[in-house]
Amino acid sequence: MARNELKTLIRVHKFELDEKQRKLGNLLRFEQALLNRKVLLAERFRQEEEAANISPVAALTFGAYVDWHVEENKRVDRALEENRQEIILMREEIMEAYQELKTLEITQENREKRELAELERKMNAVLDEIGLTLYRRRKAEEADAGSNDTAQNHA
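For the sequence shown, the residue numbers in this note's numbering are -12 to 142.
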């Protein structure tokens, strides 16, 4: 019964590890989306700057755009930093989960090796007993055959 419990525990740990890896994948994709956002902000800033240099009307709103751009960059930077901290934590959780899983798998493997060794020991004991019984039977038959020959020689 404990054997099945360990296999179930291994399955649960594998599932949890898979879930953590999926979460890490999502965090990495979000990080990439934030980096893409920074690139787009930089491109848009260049476009707005060019427009402000060309058009006096656009130049009037450029100051407000710069304020928004700076705040948006700060917001994306904060989100990136938070996301990167979550990535670090998730990687640590994955390493711990992997180590726990490996410990359980090694324990299961060792248990199976012990069970196999015990089964082999029992099989060898049975085969030894069969061999010993056959040997005794043969010796008994030889002794009976030898005593019959001796009895016939004396008669």
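Just so you know, even glycine gets a beta-carbon here, dropped at the ideal spot from N, CA and C.
Since we're looking at a predicted model, the values are computed, not measured.
Could you tell me the alpha carbon to alpha carbon distance between residue i and residue j, rounded to whole angstroms?
i	j	result
alanine 130	alanine 104	38 Å
asparagine 60	glutamate -8	52 Å
tryptophan 55	arginine 71	24 Å
leucine 168	leucine 91	Within the shown structure, residues of the chain are numbered from -12 to 142, placing residue 168 beyond reach of any answer.
isoleucine 41	glutamate 68	36 Å
glutamate 99	glutamine 86	20 Å
alanine 66	leucine -4	36 Å
leucine 47	glutamate 18	34 Å
glutamate 102	arginine 108	10 Å
glutamate 79	glutamate 73	10 Å
phenylalanine 32	valine 57	10 Å
isoleucine 117	asparagine 97	30 Å
alanine 127	glycine 133	10 Å
proline 43	arginine 9	50 Å
arginine 24	glutamate 83	32 Å
arginine 16	glutamate 37	32 Å
arginine 124	valine -1	55 Å
Please say whether residue j and residue i have beta carbons closer to each other than 9 Å?
i	j	result
lysine 7	isoleucine 81	yes
alanine 45	alanine 39	yes
leucine 11	methionine 110	no
valine 63	leucine 88	no
lysine -6	glutamine 95	yes
glutamate 30	phenylalanine 49	no
Buried or exposed for residue i, please, with buried defined as at least 16 other CB atoms from any protein chain shown within 10 angstroms of its CB.
i	result
methionine 114	Per the sequence presented here, residue 114 reads as leucine, with methionine not at that position. Under this definition leucine 114 is an exposed residue.
leucine 14	buried
leucine 106	exposed
leucine 121	exposed
leucine 119	exposed
leucine 21	buried
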